[in-house]
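Line by line, the protein sequences are chains A and B. Position 134 of the first sequence, counting from 1, maps to 141 under my numbering, and the rest follow consecutively. Position 114 of the second sequence, counting from 1, maps to 121 under my numbering, and the rest follow consecutively. Backbone N, C-alpha and C define an ideal beta-carbon position, used for all residues, glycine too.
There are 2 protein chains.
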Amino acid sequence: MTTTQAQPATPVDLAAIRTRVDDELDRFLRDKAAASAPALPGELTDTVRDFLFAGGKRIRPLLCVLGWHAASGCPPVPRPILRAAAALELFHAAVLIHDDIIDNSDTRRDHPTVHRALAHRHADRRDPDRFGAHAAIVLGDLAMVWSAELLHTAQLTDAQLSEALEVLDGMRADVMYGQYLDLLTTARPSPDLGRALQIIRYKTVSYTCERPLLLGAVLGGAHPGVREALAAYARPIGEAFQLRDDLLGVFGDPAHTGKSALEDLRDGKHTALVALALANADPHQSARLLELLGNPDLDERQAATCREILAATARPRVEAMIRARWAQADRVLEEAPFPTAVGRALRHIADVVVSRNT
Amino acid sequence: MTTTQAQPATPVDLAAIRTRVDDELDRFLRDKAAASAPALPGELTDTVRDFLFAGGKRIRPLLCVLGWHAASGCPPVPRPILRAAAALELFHAAVLIHDDIIDNSDTRRDHPTVHRALAHRHADRRDPDRFGAHAAIVLGDLAMVWSAELLHTAQLTDAQLSEALEVLDGMRADVMYGQYLDLLTTARPSPDLGRALQIIRYKTVSYTCERPLLLGAVLGGAHPGVREALAAYARPIGEAFQLRDDLLGVFGDPAHTGKSALEDLRDGKHTALVALALANADPHQSARLLELLGNPDLDERQAATCREILAATARPRVEAMIRARWAQADRVLEEAPFPTAVGRALRHIADVVVSRNT
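This is the structure in structure tokens:
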């Protein structure tokens, strides 16, 4: 034996949770591939697997497991909890597959999006792009259906399953509401900050943070105080997450984010950043922004003009909003009835959300 | 009182079941509209409602309730069973909404498809067609999510819910498998009857007949003999249903079917009809068919040529397949351990499936 020892595991090891969640996803997809061969083509599972394992922050499964720890302390995480957490990621894959069709995105996580990958795989079709989009609609649906199955077969108790379904029904509807509002406001930039924050509440606060935490919490049998503290943490952190995302969508480095920094501008996404810019810009800046945002042929020079105006009128305000939300989440954690290790992990996630560049 | 009396209700009144299922759908959507106003636009629920109530055969909910009757005899149908049946229809709406985008269909049930209706509603957008397709992707997802919620909140017992989820997980994956295989074979007409029948087994046997019947059966606590008889009925009837559908897609009267009789030919759908035609056509007919099928600009004269060749080489064979399957289902019903009234209702459905013109 050597004298070097493994570091003692931290009580909540986020990297280890991530690995175990990914193992569950991998196992589920391998089982599906084995059960469906040779009647069904391998591309069904291969494409979903390639997409899942190209990257991703796994924020929803991590928050789910942390919600469970908040309720249950820090024993090893049982497999049913990991499978429930993995189901969130598979559902998210479905959302992203459809979202990338809608946004006409070519890359995500530095890899081709699913509809692009399928177009490439079926390049011999008359219209591969159309085929790819259509196949991706079905594959997104299938990922959604599989996600439900992964949860249903997680070996939860009847009571756990019934509570989980209630949390998830709300979560799944909220993200679709958010997506729909997003569509309605896209290419309609306006100074309406309230509308931008409403979309954030559906798509990010509820879907990305609050419901995943609550799912873990109900699976762990959390008492109301724990649930309330998790919700109080989720709200500012969800907002901060999306506000950072909006900044990265415009000012981010595609080498880090894995996606284009032109798309949000070309689409004319209605974000808090844009709303604040239009509310604070002078008439000349405002007119210029309205002229450029949502122009599908926006070139790099025009994008630079947008960025200049957004930076001058709104970026510092959005950064301040992020800081204020981070501080609010921090205060919640100070007082929250969680084991110390859980509070520490949630603070780590808050730090990452706020300062990430991917 | 007059001397005319209402006819005594038949023990299984399909029209009454349909009405009660529709009432559940209506109530669910009204609750959703009330709960989401004014934050969310009314078009979310309105569009789904318009689509659902424009028509439809309600075959899946009817079979679900008949599966329940097969297990439970003929007492009044409890609301949880009706809500589970209604959830099938809402899921089906989701499938159709996405399917119509993929097939680029303008009408269904004699009304505009959802993506067309949304394009019309948002005609002031830069690209209304694109907007309509994207909004319909999200709305289909939402209908899928709502369908799950409708089932979860149906007030089933824990045991019923757990068995129902298992049946539904299989059903929902099967239809997506079928849709994907359908996509892969579309515009690739071939004499491969086996492949056409495989698609039917996923999309129609399992999704449309077997799983809905089984859902009702497990909710009613059916013993294995009942389940087996329902499956033995579902297989031939599901095949007959789709074979009739394929014939109607080519030879049907749009005034009755509510959809174009050109689309399947223009898409080059790989159906049993096409497979049998290519297997039995002479070289000249075969070459002509392969030249025309899948031509997106196929005109009425060319479609008539396709129909002539299909009628000469395959239509009678498909009609014979339908009759054989009807007879097989009939034999199953002769021996099935169902209450007489249930057998009679299932025979009625078999008759309608076989001889329908819509």
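Assigned with DSSP and collapsed to three states, residue 129(A) falls in coil, not helix or strand.
In this chain, the alpha helix (DSSP H) harbouring residue 248(A) covers 231 to 258. Across the structure, residue 312(B) and residue 284(B) are spaced so that their CA atoms are roughly 13 Å apart.
The Cβ of residue 105(A) sits closer than 7 Å to at least one Cβ of chain B. Membership of residue 192(A) in the alpha helix (DSSP H) is indicated by the continuous run 165 to 192. Taking a beta-carbon distance threshold of 7 Å, residue 207(A) does not count as an interface residue toward chain B. Distance from the CA of residue 109(B) to the CA of residue 141(A), rounded to the nearest whole angstrom, comes to 5 Å. Residues of the stretch 218 to 247 of chain B with a C-beta atom less than 7 Å from some C-beta of chain A do not occur. Burial check for residue 127(B): the Cβ neighbour count within 10 Å stays below 16, so the residue is exposed.
Closest in C-alpha terms to residue 330(B), from the list 301(B), 74(B), 246(B), 57(B), comes 246(B).
Judged by pairs of C-beta atoms under 8 Å, the stretch 248 to 256 of chain B touches the stretch 209 to 219 of chain B, as three or more such pairs exist.
At a C-beta separation below 9 Å, residue 159(A) has these neighbours in chain B: 169, 172, 173, 175, 176.
Residue 65(A) sits in coil when the DSSP states are folded into three classes, being neither helix nor strand. Chain-order list of chain A residues neighbouring residue 148(B): 101, 102, 105, 147, 148, 151, 179, 182, 183, 186, by C-beta distance under 9 Å. For residue 141(B), a Cβ of chain A is located within less than 7 Å of the residue's own Cβ. DSSP places residue 35(B) in the uninterrupted alpha helix (DSSP H) bounded by 21 to 43.
Annotation: Cβ neighbours of residue 108(A) in chain B (cutoff 8 Å, chain order): 141, 144. With contacts defined as CB atoms closer than 7 Å, residue 161(A) and residue 231(A) fail to qualify as a contacting pair. Residues of the stretch 187 to 204 of chain A whose Cβ lies closer than 8 Å to any Cβ of chain B, in chain order: 187, 188, 190, 191, 194. Its chain contains 28, 92, 93, 95, 96 as the residues whose beta carbon lies nearer than 7 Å to that of residue 68(B), once the 5 sequence neighbours on both sides are disregarded; these appear in chain order. For the set 343(B), 320(B), 362(B), the Cα lying nearest the Cα of residue 333(B) is the one of 362(B). Listed in chain order, the non-local C-beta contacts of residue 121(B) below 7 Å within the same chain comprise 54, 58, 104, 107, 143, 146, local neighbours out to five positions each way being set aside.
With contacts defined as CB atoms closer than 7 Å, residue 116(A) and residue 61(A) qualify as a contacting pair. Taking a 10 Å sphere around the C-beta of residue 52(A), we find 16 or more other C-beta atoms and assign the residue as buried. Within its own chain, the residues whose Cβ lies closer than 7 Å to the Cβ of residue 264(B), once the five positions on either side in sequence are excluded, are 255, 365, listed in chain order.
Between residue 159(A) and residue 176(B), the CB-CB gap stays under 7 Å. If you draw a straight line from the Cα of residue 102(A) to the Cα of residue 314(B), it comes to about 41 Å. Taking CB atoms only, residue 156(B) has a neighbour in chain A less than 7 Å away.
Shown here, residue 351(A) sits in a helix according to DSSP, grouped into three states. Exposed is the label assigned to residue 308(A), since fewer than 16 other Cβ atoms lie within 10 Å of its Cβ. Secondary-structure assignment with DSSP links residue 114(B) through a beta bridge to 119(B). Within the stretch 262 to 349 of chain A, the complete alpha helix (DSSP H) segments at least 4 residues long are 270 to 274, 279 to 287, 290 to 299, 307 to 320, 322 to 342, listed from N- to C-terminus. Per DSSP, the unbroken alpha helix (DSSP H) holding residue 136(B) starts and ends at 135 to 159. Looking at the backbone, the Cα of residue 360(B) and that of residue 151(B) are separated by about 26 Å. For residue 98(B), the enclosing alpha helix (DSSP H) has its first and last residue at 86 to 109. Counting only the Cα atoms, residue 200(A) lies some 21 Å from residue 216(A).
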